[in-house]
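Residue numbers (my numbering): 2 to 180. Positions of the beta carbon are idealized from the N, C-alpha and C atoms, including for glycine. Heads up: the structure comes next, in C-alpha cells.
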C-alpha cells in the first residue's frame, strides 16, 4: 500500500508526486481512519499467529480467542522486503515472515504455552524436518527452536484474521470512495 510513497524516500529517487503516490496516500489515510479494533492481550489465553509473504511485503497478525470464543487481533505487523529478500524463493519468504512475526511478538510468545502459526504455504509444516537446509534456513530454524509452536496449513482465503486481510493479501491499492 505504501510502496509508492516509500520509493520516494530512497536515495537518488526523483521526487515526483504522481497519481499513484496520491492514491497510496489516500489509501493509507483511509486505512488509518477505519483501523480495526485491536484486543488487549490476555497472557492467560493461548495465542496464534498468521503469517504471509508476497513478492514485496511480509505481514503477520497475533491472534487470541476471547472469552466469547471470537478470534481477535492483538497486533498487525508488516514491512517491505529488502532488495536481496525479494530474490528469495517463495518458501524462504514465508519462513522470513514467520521469523519476523516471532521477533515482533516475542514478548507475548517466548516462554508461553504452545501456540499455532497458520500459513498458506503447506510445505512449511515440514520445514523443520527437511534434510536439505540452506545455511539461512538452518539459522532460522535454530532461532525457531526457542519457541513452542506448531505450524498448521490454511488455504490462502481462510488464512485471514477475523475477515481482515493481512497487508500482503491485497495485490493492488484499495479504492478510496470518499474522505
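- Query: Nearest chain C C-beta to residue 145 closer than 9 angstroms, yes or no?
  - Reply: In the displayed structure, chain C is absent; only one protein chain is listed.
- Task: Ignore the nearest five residues each way along the sequence and tell me which others in residue 81's own chain have a CB closer than 7 angstroms to its CB.
- Result: If you number the chain shown from 1, residue 81 lands on position 80. Only 4, 7, 57, 58 meet the Cβ criterion.
- Residue nearest to residue 154 in terms of C-alpha spacing, selected from 137, 120, 141, 148: As a first step, residue 154 must be located in the chain shown, where it is residue number 153. Cα-wise, what sits closest to residue 154 is 120.
- CA-to-CA distance, residue 107 to residue 63, given in whole angstroms: Taking the first residue of the chain shown as position 1, residue 63 is located at position 62. Taking the first residue of the chain shown as position 1, residue 107 is located at position 106. Their Cα atoms are separated by approximately 11 angstroms.
- Does the Cβ of residue 169 have 16 or more other Cβ atoms within 10 Å, making it buried, or fewer, making it exposed? On the chain shown, residue 169 is found 168 positions in, with the first residue counted as 1. Below a pLDDT of 50, predicted positions are generally treated as unreliable, and residue 169, at 44, falls in that range; the measurement from the model is reported next regardless. The residue is buried, with at least 16 neighbouring Cβ atoms inside 10 Å.
- Query: Does DSSP classify residue 108 as helix, strand or coil?
  - Reply: Your numbering for residue 108 matches position 107 in the chain shown. Residue 108 falls in the helix class under three-state DSSP.
- Does the distance from the CB of residue 55 to the CB of residue 11 come in under 9 angstroms? Counting from 1 along the chain shown, the entry for residue 55 is found at position 54. Counting from 1 along the chain shown, the entry for residue 11 is found at position 10. Their beta carbons are not under 9 angstroms apart, which means residue 55 does not touch residue 11 by this criterion.
- Query: When we look at the beta-carbon of residue 141 and count the other beta-carbons within 10 Å, is it buried (16 or more) or exposed?
  - Reply: Here residue 141 corresponds to residue number 140 of the chain shown, with the count starting at 1. The residue in question, residue 141, is buried, as its Cβ has 16 or more Cβ neighbours within 10 Å.
- Is it right to say residue 118 is buried, meaning 16 or more other beta carbons lie within 10 angstroms of its own, or is it exposed? Against the chain shown, residue 118 aligns to sequence position 117. Residue 118 is buried by the Cβ-count criterion.
- Task: Can you give me the Cβ contacts of residue 21 inside the same chain, cut-off strictly under 7 angstroms, excluding the 5 residues immediately before and after it?
- Result: The residue given as residue 21 occupies position 20 in the chain shown. Taken in chain order, the residues that qualify are 5.
- Counterpart residues of residue 59 in DSSP-defined beta bridges: Position 58 of the chain shown, counting from 1, holds the residue named residue 59. Looking at the DSSP assignment, residue 59 forms a beta bridge with 54, 80.
- Alpha carbon to alpha carbon, how far is residue 68 from residue 136? Give it in angstroms, no decimals. Within the chain shown, residue 136 is the residue found at index 135, counting from 1. Within the chain shown, residue 68 is the residue found at index 67, counting from 1. Cα-Cα distance, rounded: 42 angstroms.
- Per DSSP, residue 119 is paired with what? If you number the chain shown from 1, residue 119 lands on position 118. Residue 119 pairs with 51, 153.
- Message: Helix, strand or coil for residue 15? Go by DSSP, reduced to three states.
- Response: Locating residue 15 in the chain shown gives position 14, counting from the first residue. Coil, per DSSP.
- Message: Within 10 Å of its beta-carbon, does residue 122 have 16 or more other beta-carbons around it, so buried, or fewer, so exposed?
- Response: On the chain shown, residue 122 is found 121 positions in, with the first residue counted as 1. Buried is the call here.
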